[in-house]
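Trainee:
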Amino acid sequence: MIPIPYRVRSRRPDRADTVTLTLEPVTGACPPFLPGQFTMLYAPGVGEIPISISGHARSGGYVQTIRSVGAVSRALCHTPRGSIVGVRGPFGTHFDLSQAAGLDVVVAAGGLGLAPLRPVIRELEAHGARYGRISLIVGTRTPATLIYPRELARWRRDFDVQVTVDHPDRTWKGPTGLITKLVGRIVFEPRRTYAFVCGPEIMMRATAEDLLRRGVPAERIALSLERNMKCGIGRCGHCQLGPLFTCLDGPVLTYDRVSGLLEVKQL
Numbered sequence: 000m001i002p003i004p005y006r007v008r009s010r011r012p013d014r015a016d017t018v019t020l021t022l023e024p025v026t027g028a029c030p031p032f033l034p035g036q037f038t039m040l041y042a043p044g045v046g047e048i049p050i051s052i053s054g055h056a057r058s059g060g061y062v063q064t065i066r067s068v069g070a071v072s073r074a075l076c077h078t079p080r081g082s083i084v085g086v087r088g089p090f091g092t093h094f095d096l097s098q099a100a101g102l103d104v105v106v107a108a109g110g111l112g113l114a115p116l117r118p119v120i121r122e123l124e125a126h127g128a129r130y131g132r133i134s135l136i137v138g139t140r141t142p143a144t145l146i147y148p149r150e151l152a153r154w155r156r157d158f159d160v161q162v163t164v165d166h167p168d169r170t171w172k173g174p175t176g177l178i179t180k181l182v183g184r185i186v187f188e189p190r191r192t193y194a195f196v197c198g199p200e201i202m203m204r205a206t207a208e209d210l211l212r213r214g215v216p217a218e219r220i221a222l223s224l225e226r227n228m229k230c231g232i233g234r235c236g237h238c239q240l241g242p243l244f245t246c247l248d249g250p251v252l253t254y255d256r257v258s259g260l261l262e263v264k265q266l
């Protein structure tokens, strides 16, 4: 429960309200992470919040992409290079890529949901021969809110990448509208497909239901859920979802386990 000090090795603004921090350990280090896990990231004197891990730093630390939406995330986003933050974790379940071996893969990201899926995509990029056809579909509000544009351009060389925006500008030439529209633009064999999905809950539910209607089994649709996590170890109860604690049983859960729970929450 005691945060381990990490130094901000680099700070990269991704868009107006989003920053990617590369953290390196100072005296000790948290254990290695698995794709989809998160840390409790502490801004000294302000507080701590759960942040998904978007990559492994060469120094043995973490790469974490943060959007400024509250006091703690705002403080973290404005943390200058060389400053110290606290890290606890990693916590939670992960995206199990071994389950997708030999299958077609669909990665669906909405907004900042691309950040926790970035380690998944990098694994697919590095070991593409282990899988079938690989497709990445991304939805974002505007072209200016799209994160990792350079990496998206590189990923296009290895697999099918489709991006849609809600509100196009004059420069946008691609699809517009909901991310579910992109499901029909990619090629996959439904009964031999595994999907990794992260984004706003309504987007994940709509995408999962569309994949389900097309024949992808619910147990092969993995979602990353976001809740108000405070302790990270299932003690405080803030992240409870029905009988589940998102910080322990999740955040990555297959759709067959949470479809009914998400429906209850929406009512």
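Mapping the sequence shown onto numbering that gives the first Met the number 0, position 118 (from 1) lands on 117, and the numbers just tick up by one.
Positions of the beta carbon are idealized from the N, C-alpha and C atoms, including for glycine.
Note that the structure is a prediction, hence the values are computed from the model and not measured.
1) Please work out which residues of its chain come closer than 6 angstroms, Cβ to Cβ, to G138, disregarding the five sequence neighbours upstream and downstream, and give them in chain order.
2) State yes or no: is the C-beta of V71 within less than 8 angstroms of the C-beta of P2?
3) L210: which of C230, E188 and R226 sits nearest, CA to CA?
4) On the DSSP bridge assignment, give the partners of I133 in chain order.
5) Jot down the residue ranges of each uninterrupted alpha helix (DSSP H) in the region 40–83, minimum 4 residues, whole runs only, in chain order.
6) Give me the Cβ distance between Q63 and I52, rounded to the nearest whole Å; I'm assuming they're in contact under 8 angstroms.
7) Please tell me whether F14 and T170 are closer than 8 angstroms, where the distance is taken between their beta carbons.
8) Taking E23 as part of the beta strand (DSSP E), name the residues at either end of that continuous run.
9) Can you grab the Cα-Cα spacing for the pair G176 / G88, in whole Å?
10) May I ask you to report which of helix, strand or coil DSSP gives L240?
11) Please classify Y5: does DSSP put it in a helix, a strand, or coil?
12) Could you check the C-alpha separation between G35 and T253 for me, to the nearest Å?
13) Between the C-alpha atoms of R10 and P118, what's the straight-line distance to the nearest angstrom?
14) Check whether the Cβ atoms of R140 and D165 sit closer than 8 angstroms, and answer yes or no.
15) When you compare only the Cα positions, how much space is there between G91 and V257?
16) List the endpoints of the continuous alpha helix (DSSP H) containing D157.
17) Kindly give me the distance between the Cβ atoms of L222 and V196, rounded to whole angstroms, as I take these residues to be in contact under 8 angstroms.
18) Assuming T21 and G60 form a contact by the criterion Cβ under 8 angstroms, report the distance between their Cβ atoms to the nearest whole angstrom.
19) Could you tell me if V25 is buried or exposed, where buried requires 16 or more neighbouring beta carbons within 10 angstroms of its beta carbon?
20) Could you give the residue range of the beta strand (DSSP E) that holds A194?
21) With a 10 Å radius around its C-beta and 16 neighbouring C-beta atoms as the bar for buried, classify L266 as buried or exposed.
22) Could you have a look at V215 and say whether DSSP puts it in helix, strand or coil?
23) Quick one: using the 10 Å Cβ neighbour count with 16 as the cut-off for buried, is I50 buried or exposed?
24) Since A42 and V104 are thought to touch, with beta carbons under 8 angstroms apart, how far apart are those beta carbons, to the nearest angstrom?
25) Determine whether the beta carbon atoms of P167 and P148 lie at a separation below 8 angstroms.
26) Can you find a CB in chain D that lies within less than 8 angstroms of the CB of R219?
27) Which two residues bound the contiguous alpha helix (DSSP H) that contains A221?
28) Just confirm the distance between the C-beta atoms of L33 and H93, as a whole number of angstroms; I'd bet it's less than 8 angstroms.
Mentor: Let me lay it out:
1) Locating residue 138 in the sequence shown gives position 139, counting from the first residue. Cβ within range, chain order: G109, T163 and I178.
2) Translated into the one-based positions of the sequence shown, residue 71 becomes position 72. Translated into the one-based positions of the sequence shown, residue 2 becomes position 3. The Cβ atoms of V71 and P2 lie no closer than 8 angstroms to each other.
3) Your numbering for residue 210 matches position 211 in the sequence shown. Answer by Cα proximity: E188.
4) Position 134 of the sequence shown, counting from 1, holds the residue named residue 133. DSSP lists V104 as partners of I133.
5) List check, alpha helix (DSSP H) in window: 70–76.
6) To locate residue 63, count along the sequence shown from 1; it is residue 64. To locate residue 52, count along the sequence shown from 1; it is residue 53. So it is a contact: roughly 6 angstroms between Cβ atoms.
7) Position 15 of the sequence shown, counted from the first residue, corresponds to residue 14. Position 171 of the sequence shown, counted from the first residue, corresponds to residue 170. Per the sequence shown, residue 14 should be read as Arg rather than Phe. Going by C-beta atoms, R14 is not nearer than 8 angstroms to T170.
8) Within the sequence shown, numbered from 1, the residue matching residue 23 stands at position 24. T17 to P24 is the extent of the beta strand (DSSP E) around E23.
9) Taking the sequence shown and counting its residues from 1, one reaches residue 176 at position 177. Taking the sequence shown and counting its residues from 1, one reaches residue 88 at position 89. Roughly 36 angstroms between the two C-alpha positions.
10) Working through the sequence shown from its first residue, we reach residue 240 at position 241. Note: L240 maps to strand in three-state DSSP.
11) Sequence index remark: in the sequence shown, residue 5 carries index 6 (1-based). Under the three-state reduction of DSSP, Y5 is assigned to strand.
12) Stepping through the sequence shown from its first residue, residue 35 is reached at position 36. Stepping through the sequence shown from its first residue, residue 253 is reached at position 254. As the crow flies, the alpha-carbon of G35 is around 13 angstroms from that of T253.
13) In the sequence shown, the residue the question calls residue 10 occupies position 11. In the sequence shown, the residue the question calls residue 118 occupies position 119. Going from the Cα of R10 to the Cα of P118 covers about 19 angstroms.
14) If you number the sequence shown from 1, residue 140 lands on position 141. If you number the sequence shown from 1, residue 165 lands on position 166. Contact flag set, yes.
15) Locating residue 91 in the sequence shown gives position 92, counting from the first residue. Locating residue 257 in the sequence shown gives position 258, counting from the first residue. If I take the Cα positions, the gap works out to 16 angstroms.
16) For the purposes of this step, residue 157 is identified with residue 158 of the sequence shown, where counting begins at 1. Counting along the chain, D157 falls outside any alpha helix (DSSP H), and DSSP gives it neither H nor E.
17) In the sequence shown, residue 222 corresponds to position 223, counting from 1. In the sequence shown, residue 196 corresponds to position 197, counting from 1. Rounded, the Cβ-Cβ distance is 5 angstroms, consistent with contact.
18) Counting from one through the sequence shown, the residue named residue 21 turns up at place 22. Counting from one through the sequence shown, the residue named residue 60 turns up at place 61. With a Cβ gap of about 7 angstroms, T21 and G60 count as contacting.
19) As a first step, residue 25 is located in the sequence shown; it is residue number 26 there, counting from the start. V25 sits exposed, since fewer than 16 C-beta atoms from the chains shown fall within 10 Å of its C-beta.
20) Taking the first residue of the sequence shown as 1, we reach residue 194 at position 195. Secondary structure note for A194: its beta strand (DSSP E) is the uninterrupted segment T192 to C197.
21) Counting from one through the sequence shown, the residue named residue 266 turns up at place 267. Reliability fails at L266, whose pLDDT of 32 lies under 50, so the model's placement of it is uncertain and the value that follows must be treated cautiously. That one is exposed.
22) Walking along the sequence shown from the start, residue 215 turns up at place 216. The answer is coil: DSSP assigns V215 none of H, G, I, E or B.
23) In the sequence shown, counting from the first residue as 1, residue 50 sits at position 51. Here I50 is buried, its C-beta having at least 16 other C-beta atoms within 10 Å.
24) Here residue 42 is taken as the residue at index 43 of the sequence shown, counted from 1. Here residue 104 is taken as the residue at index 105 of the sequence shown, counted from 1. In fact, because the Cβ distance is near 36 angstroms, the residues do not count as touching under 8 angstroms.
25) Residue numbering aside, residue 167 sits at position 168 when the sequence shown is read from its first letter. Residue numbering aside, residue 148 sits at position 149 when the sequence shown is read from its first letter. No, these two residues do not count as a Cβ contact at 8 angstroms.
26) No chain D appears in the structure shown, which is made up of a single protein chain.
27) Indexing the sequence shown from 1 puts residue 221 at position 222. Under the DSSP assignment, A221 falls outside any alpha helix (DSSP H), being part of the beta strand (DSSP E) whose first and last residues are I220 to S223.
28) Taking the first residue of the sequence shown as position 1, residue 33 is located at position 34. Taking the first residue of the sequence shown as position 1, residue 93 is located at position 94. Confirmed, Cβ separation roughly 4 angstroms.
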